[in-house]
Structures are given as C-alpha cells and as structure tokens.
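Comments concern the structure below.
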Amino acid sequence: MKQKIIMKVQMNCERCRTKAMKIAAVAEGVISVAIEREKSLVVVVGDGVDSVSLAGSLRKKLGSANIESVQEVKAESAEKKDPIICYSQYPQYPTYAVVSDQYPSNCAIM
C-alpha cells in the first residue's frame, strides 16, 4: 500500500533540512521525500514505510518530530496519459507513441 506521510520537524537551518532529507531517504520503502520550508514539514511517499520508526529516527537526530498525517495514495491509471507526438524530418507526417512508465520519476530535470 502506497502512503503519504506528513511530519512536522524542527528545522532551524539548511543543515537541519539536509539531515532530515538524508534520514527520510534511507528509510525502508521510501519512494520520494520533499520538504516544505515555510511550515517545516517533511513529506514522505513510500510503500510500506513505518511512520513511527521514521519519526523516532528524525526525533533522535533533530530533536522534535511529530506525525501530522498518514494518507493512502491512490494509483493513477495509465489510460489518462496523452500520446507523445514525435516529428521526424523524413517522412513529414507525425508518429504517435504512448509512453507508460510503471514507476514515473518526480524529477522535473530529466
């Protein structure tokens, strides 16, 4: 079961944010980690992540960590994806390809 865990963590500096990211990233089953700086929240998305042990690890290194919410993330269907249109020089007509990645990346750079 894929779940989204939101935790409020005491983060006073950039070093604390880096520590929180590292601790959350190495936990078992974590898929992605994000930090909301204004609210001092760590958002973890993963499959079978133990939220209590993750909070304990963050509390041990950073001082204060509270679980705000744990929600189930529903999978998106592959049918909603739009086809990608690729144009090549020869022939002059478009070719269509539907790309469906089972594990999509959250990285916007790639």
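Heads up: the sequence shown begins at 1271 in the numbering used here, then just goes up one per residue.
For glycine and all other residues, C-beta sits at the position ideal for the given N, C-alpha and C.
Looking from the CA of C1286, the closest CA among Q1341, V1343, I1337 and L1332 belongs to L1332. N1282 has its alpha-carbon roughly 16 Å from the corresponding atom of A1304. One thing to note: G1299 has its Cβ within 8 Å of the Cβ of V1319. Taken through DSSP and simplified to helix, strand or coil, E1298 comes out as coil.
For L1328 against A1290, the beta-carbon gap comes to about 6 Å, under 8 Å, which counts as contact. In chain order, L1311, V1313, E1338 and S1339 place their CB closer than 7 Å to the CB of I1276, counting only its own chain and leaving out the 5 sequence neighbours on each side. Assigned with DSSP and collapsed to three states, G1326 falls in helix. In the DSSP annotation of this structure, the continuous segment of the beta strand (DSSP E) that includes S1339 starts and ends at A1335 to E1342. In this structure, K1292 sits away from V1343, with a CB-CB distance that is not shorter than 8 Å. As the crow flies, the alpha-carbon of A1297 is around 24 Å from that of E1308.
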